[in-house]
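In my numbering, the protein residues as written are 13 to 512. Positions of the beta carbon are idealized from the N, C-alpha and C atoms, including for glycine.
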């Protein structure tokens, strides 16, 4: 068991955060190129997750603003769809250049919104976002149809690629800027217009993105932004102009969205939660496996849907794994996300902070496993800091083992055979990502085939390269983001046949 740690949020740090809040863009919605500084949903006052202080406010979109945004995107669609592909590509390349130059400011915004450490945002998320725009800029003039005409045919048949129309892009709150980029790069390259919808507490990432969109030269109405809660989301996805929805979030919200879309038979891409298994075999490089597993599970304070939170360890190296895991967890630097050396900041907001602590407390009370490390609220701050928690010998049927926590909480299990490990890994309805560590190449190939997940990673952690399609199975969602498949999610191929 670890000591109860503290994080000292001093008066100097509080002052630094208040000063940094000046870098947040003005709170507003942006519809048809016009800012709205008040809205029917009221006003949201944002609490800095590090200090617990209110540092900014933003208008909340209601049904009226969501409908107005969908209408603005619909009005902009014909001209944008008719824009030459190379011009769309030029604008996407320009946007990528602007994003690349924004690491410092977006790092501050992410830290103040949900406590994302500046190094993670600056050195990983922002460059990744820029790569996605460049990748799909290259696709813009390669969305082509196909001619079908066999020898002797008396008719000419061909396909014509067409954009779908208006897409509702509902971004995840844990990686808002990156989530927006994963969605918008293919949506815009294909000639669609879009309404971005975020949570109220991640509005500023989207607002800054909208400023970059305007600076890049995109026509008004091609990209629109609203935030808000259930009312605005419901109004947006049920608007008759919406041709498709791209959603990142939890399965429960996705079920509600799918029910609404069913009335109009509107399709969706759903990127949902995970409870990813991480299989560590005795022949693996144990130091490398432990460092990567615990580091990824605690990155962004565990608020990562693809995190390896179910760790299955071969029995013969279980004790060695646990000792190393506790050492890695204890060495992680937890503190002010504005500091370059910080690895873990606070959890994103108060309600989620309480939820994660409740999940840990319930696991303790239920005897779901042995708490080997951490799991306490970190004292010394009014912010939302929690220690990483490592539970050993976890009951596979417990809530801890079967439900997504979305925090720095790792469940560790033992196995003795490869077949047992695969069965345990595949036992849940989730299927986002899976991981395995082994030096046996033949086993690696078997595991790649056997593990039920949208992505299987052997001897590495999950990466988000734009050329690779990613999406879950089971209750982790359907549809793909990334690759040519992710582009075709937003293209309709119309068949035309002409008799001769």
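Provide the residue span of the beta strand (DSSP E) that contains residue i, from first to last.
i	result
residue 404	401-404
residue 42	41-43
residue 426	421-427
residue 255	254-260
residue 58	55-59
residue 180	178-182
residue 46	46-48
residue 156	Looking at the DSSP string, residue 156 is not in any beta strand (DSSP E), and its letter there is neither H nor E.
residue 414	Unbroken run through residue 414 is the alpha helix (DSSP H), 411-414; no beta strand (DSSP E).
residue 174	167-175
residue 239	Segment: none, residue 239 is in no beta strand (DSSP E) and carries neither H nor E.
Run the CB neighbour count on residue i, radius 10 Å, all protein chains shown included, and call it buried at 16 or more, exposed below.
i	result
residue 468	buried
residue 461	exposed
residue 161	exposed
residue 229	exposed
residue 337	buried
residue 236	buried
residue 139	exposed
residue 373	exposed
residue 474	buried
residue 287	buried
residue 22	exposed
residue 258	buried
residue 416	buried
residue 239	buried
residue 167	exposed
residue 492	buried
residue 457	exposed
residue 371	buried
residue 195	buried
residue 100	buried
residue 242	exposed
residue 81	buried
residue 366	exposed
residue 154	exposed
residue 277	exposed
residue 451	exposed
residue 290	buried
residue 83	buried
residue 525	This structure leaves residue 525 out entirely; the chain is present only between 13 and 512.
Residue i lies in the alpha helix (DSSP H); which residues open and close that run?
i	result
residue 432	430-437
residue 242	242-249
residue 189	188-201
residue 209	Residue 209 -> not in any alpha helix (DSSP H); beta strand (DSSP E) instead, spanning 205-209.
residue 216	215-228
residue 365	362-378
residue 384	Premise fails: residue 384 lies in the beta strand (DSSP E), 382-386, not in any alpha helix (DSSP H).
residue 31	23-32
Using a Cβ-Cβ cut-off of 8 angstroms (strictly less than) and excluding sequence neighbours within five positions of residue i, which residues of its own chain qualify?
i	result
residue 65	26, 29, 30, 59 and 394
residue 313	127, 356, 357, 358, 359, 360, 398, 419 and 420
residue 110	224, 227 and 228
residue 106	228 and 229
residue 156	173
residue 428	326 and 327
residue 508	169, 170, 171 and 172
Output needed for residue i: all residues of its chain with C-beta closer than 7 angstroms, excluding positions within five of it in sequence on either side, in chain order.
i	result
residue 506	171, 172 and 174
residue 141	111, 189, 190 and 193
residue 430	455
residue 376	383
residue 61	126, 127, 358, 359, 360, 361, 395 and 396
residue 333	292, 298, 302 and 325
Just to check my reading of the structure: residue i and residue j have Cβ atoms closer than 8 angstroms, yes? What is that Cβ distance to the nearest angstrom?
i	j	result
residue 197	residue 147	7 angstroms
residue 188	residue 169	Wrong, their Cβ atoms sit about 44 angstroms apart, outside the cutoff.
residue 73	residue 51	5 angstroms
residue 385	residue 231	Incorrect: roughly 53 angstroms between the Cβ atoms, too far for contact.
residue 349	residue 129	4 angstroms
residue 212	residue 56	4 angstroms
Spatial neighbours of residue i within its chain, please: C-beta separation below 6 angstroms, excluding the five flanking residues on both sides.
i	result
residue 215	70 and 239
residue 152	97, 100, 101 and 201
residue 423	322, 403, 406, 412 and 413
residue 186	315
residue 159	170
residue 256	176, 179 and 279
_Ignoring anything shorter than 4 residues, give me the alpha helix (DSSP H) runs that lie fully in the segment 275-345, in order along the chain._
298-310 and 330-343
Task: Any alpha helix (DSSP H) of 4 or more consecutive residues that is wholly inside the segment 71-138 - done: 75-93, 97-112 and 115-126
Exercise. Which whole runs of the beta strand (DSSP E) in the segment 445-503 are 3 residues long or more, in chain order?
Worked result: 445-449 and 467-470
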